[in-house]
Amino acid sequence: MQSTPLRYLRADFDDLEEYAPVKPLDVLAAEIGVPIDRLVKLDANENLYGPLPEIRAAIEQADLHIYPDPGQAALREAIAGYAGVAPEQVVAGTGADELIDIVLRLTMPDAVVNVTPTFGMYQFLAQVNRSRVIEVPRDGGFAPDIEGIARAVEDGARVVFLTSPNNPTGNALTPEQVDALCQLDALIVVDEAYIEFGGRTATGKLAKFGNLVILRTFSKWAALAGLRVGYALCHPDLALRMMAIKQPYNVNIAADVAARAAIEHRGQIQEMVRSIVAERDRMARLLAQTGWLRPLPSEANFVLFEVLGRSALDVRDGLRRQGVLVRYYNRPDLHNYIRISAGRPEDTDRLVAALHHLEPA
Ligand SMILES: Cc1ncc(COP(=O)(O)O)c(C=O)c1O
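Numbered according to our numbering, the sequence shown spans residues 2 to 362.
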């Protein structure tokens with residue numbers, strides 16, 4: 002037997018808590034034993050309408066044999082127009098996820114603040130970048146504890162991650178909360194991955210606060226999760242540094258042209274977004290009628306439900322056997338909850354039918 006190469010690696014990776022990603026459709030279909038076209042995928046906050054035909058056409062036309070523009074000139078300009086900032090304030094990446102990593106690699110902070118429960122990637126990438134994670138739990142209504150965050154910054158945290166609207170709780174930051182956070186002596190990263198579905202954007206505050214970084218993505222509203230394209234909006238000095246350390250060709254040509262086509266045809270996508278928001282609210286109303294699913298108010302493209310008087314895991318598994326996929330949580334700060342993405346009307350109908358076919362609790 003050859004000797005293991007692990008002794009050359011970072012020892013702290015021995016107990017890395019791996020990120021739990023969602024599985025691809027074909028793997029899921031094989032696991033569950035249903036055809037792909039019978040799956041109702043409501044577990045990853047994707048946009049089930051899929052990309053516009055105009056976006057597919059733009060990719061078809063793209064010069065795939067040429068390296069992309071490392072300076073991202075056309076893309077930064079398009080995003081700047083969309084977000085209402087200057088191109089020098091924009092950095093695009095392979096999903097918002099890459100921007101989280103770039104921020105951490107640029108800052109190498111001793112400690113970061115993670116406002117839980119929230120998106121798992123901040124914790125994971127902080128660990129990968131050797132940063133200590135100071136958890137500041139949200140209160141009973143899942144509002145962030147601004148004083149707790151301030152104390153963590155006093156204790157040495159130099160980067161604060163906050164999601165607005167938050168995943169998985171669905172609530173957004175108020176402008177006053179953003180103001181209070183930006184007074185702190187730390188980079189304040191506001192992740193607006195779901196902003197197109199609700200919530201007030203903090204972009205208007207970029208001119209006032211040099212320590213504010215906003216993350217956005219094309220994964221959710223524009224249905225481009227598979228292409229991996231997101232962006233940061235921030236002070237031009239910080240954007241320049243982010244551009245300097247990123248992988249030169251990070252955003253591939255297909256993602257670049259697709260993102261620009263999405264912006265060009267945003268009117269049509271915004272109609273889709275309105276349908277998803279309507280469906281989110283219909284789903285919450287219908288599921289509340291069960292009497293044992295308690296929806297939390299949501300400004301995103303999903304709803305978090307507290308499962309009352311029965312096991313959320315059994316509900317997740319019972320739905321899964323019928324091809325309906327939802328996300329299940331059972332952690333001390335999120336005990337017995339499921340999160341369900343908003344889909345098309347037919348997806349909600351399949352979900353409701355599957356709930357009726359669950360075995361009695
Ligand atoms: C809050 C939040 N930020 C970022 C992402 C990832 O975005 P992207 O697909 O652009 O990497 C997600 C995806 O679920 C998310 O929930």
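C-beta atoms are modelled at their ideal positions from N, C-alpha and C, and glycine is treated no differently. None of the values given here were measured: they were computed from a predicted structure.
Is N168 near ligand 1, judged by its Cβ being under 7 Å from some heavy atom? By one-based count along the sequence shown, residue 168 stands at place 167. At least one heavy atom of ligand 1 is nearer than 7 Å to the Cβ of N168, so yes.
Whole-angstrom Cβ separation of R332 and P118, contact assumed at under 8 Å? For the purposes of this step, residue 332 is taken as the residue at position 331 of the sequence shown. For the purposes of this step, residue 118 is taken as the residue at position 117 of the sequence shown. Rounded to whole angstroms, the Cβ separation of R332 and P118 is 7 Å, and the two are in contact under 8 Å.
According to DSSP, is I339 helix, strand or coil? Sequence index remark: in the sequence shown, residue 339 carries index 338 (1-based). Three-state DSSP puts I339 in a strand.
By Cβ distance below 7 Å, which residues in the same chain neighbour V316 in space, the five residues on each side in sequence not counted? Stepping through the sequence shown from its first residue, residue 316 is reached at position 315. These residues qualify, in order along the chain: V308, I339, L359.
Using a 10 Å radius around the Cβ and a threshold of 16 neighbouring Cβ atoms, would you call P1 buried or exposed? What is shown of the chain runs 2 to 362, which leaves residue 1 out entirely.
Assign I67 to buried or exposed, taking buried as 16 or more other Cβ atoms, counted over all protein chains shown, within 10 Å of its Cβ. Numbered from its first residue, the sequence shown carries residue 67 at position 66. In this structure I67 is exposed. Its beta-carbon is surrounded by fewer than 16 other beta-carbon atoms within 10 angstroms.
Flag this pair as yes or no: are the beta carbons of T164 and D192 separated by less than 8 Å? Residue mapping note: residue 164 aligns to position 163 of the sequence shown, counting from 1. Residue mapping note: residue 192 aligns to position 191 of the sequence shown, counting from 1. In this structure, D192 lies closer than 8 Å to T164 by Cβ.
Alpha carbon of I254 to alpha carbon of G149, nearest angstrom: Indexing the sequence shown from 1 puts residue 254 at position 253. Indexing the sequence shown from 1 puts residue 149 at position 148. If I take the Cα positions, the gap works out to 43 Å.
Own chain residues within Cβ distance below 6 Å of A262, not counting five before or after: For the purposes of this step, residue 262 is taken as residue 261 along the sequence shown, with counting starting at 1. Excluding positions up to five away in sequence, the list reads E55, I56, A59.
Would DSSP call I67 helix, strand or coil? Here residue 67 refers to the residue found at position 66 of the sequence shown. Three-state result, I67: coil.
Can you tell me which residues fall inside 5 Å of ligand 1, judged by beta-carbon distance to its nearest heavy atom, and keep chain order? For ligand 1, the selected residues are G96, A97, D98, F120, T164, N168, D192, A194, T218, S220, G231.
Residue from G85, P110, F306, N48 with nearest C-alpha to T291: The residue you call residue 291 lines up with position 290 of the sequence shown. Nearest option by C-alpha distance: F306.
Going straight from the alpha carbon of V92 to that of L234, what length do you get? On the sequence shown, residue 92 is found 91 positions in, with the first residue counted as 1. On the sequence shown, residue 234 is found 233 positions in, with the first residue counted as 1. Cα-Cα distance, rounded: 7 Å.
Ligand 3 and D140: does any heavy atom of the ligand fall closer than 7 Å to the residue's C-beta? Of the ligands one can find in the structure shown, namely ligand 1, none is ligand 3.
Assumed close pair N337, A313 - CB separation to whole angstroms, cut-off 8 Å: For the purposes of this step, residue 337 is taken as the residue at position 336 of the sequence shown. For the purposes of this step, residue 313 is taken as the residue at position 312 of the sequence shown. About 4 Å separates the two Cβ atoms, so the contact holds.
At a cut of 8 Å, does the stretch 199-215 reach the stretch 79-86 through at least three beta carbon pairs? Cβ pair count under 8 Å is three or more, so yes.
For I270 and A81, what's the separation of their Cα atoms in angstroms? Counting from one through the sequence shown, the residue named residue 270 turns up at place 269. Counting from one through the sequence shown, the residue named residue 81 turns up at place 80. Rounded to the nearest whole angstrom, the CA to CA distance from I270 to A81 is 18 Å.
Assuming E300 and N168 make a contact with CB atoms under 8 Å, what is their CB distance in whole Å? Numbered from its first residue, the sequence shown carries residue 300 at position 299. Numbered from its first residue, the sequence shown carries residue 168 at position 167. That pair is no contact at about 11 Å.
Could you name each continuous beta strand (DSSP E) segment of 3 residues or more that falls completely within the stretch 261-324, going from the start of the chain to the end? Runs of beta strand (DSSP E) with 3 or more residues, each lying fully within the stretch 261-324, are found at 294-296, 303-308, listed in chain order.
With a CB to CB cut of under 8 Å and the five nearest residues on each side skipped, what residues in its chain are close to V23? As a first step, residue 23 is located in the sequence shown; it is residue number 22 there, counting from the start. Apart from sequence neighbours up to five positions away, the residues of its chain that approach V23 with a beta-carbon distance below 8 Å are D44, A45, ordered along the chain.
Please return the same chain residues whose Cβ sits closer than 6 Å to the Cβ of F120, not counting the five positions on each side in sequence. Within the sequence shown, numbered from 1, the residue matching residue 120 stands at position 119. Taken in chain order, the residues that qualify are T164, N168.
N-terminal and C-terminal residue of the alpha helix (DSSP H) that G363 is part of: Absent from the model: residue 363. The displayed extent of the chain is 2 to 362, so no value can be given.
P249 versus P71 - alpha carbon distance: To locate residue 249, count along the sequence shown from 1; it is residue 248. To locate residue 71, count along the sequence shown from 1; it is residue 70. About 5 Å.
In the structure shown, what three-state DSSP assignment does D44 receive? On the sequence shown, residue 44 is found 43 positions in, with the first residue counted as 1. Three-state result, D44: coil.
Just how far apart, CA to CA, sit I189 and T95? Along the sequence shown, one-based indexing puts residue 189 at 188. Along the sequence shown, one-based indexing puts residue 95 at 94. The straight-line gap separating the alpha-carbon atoms of I189 and T95 is approximately 21 Å.
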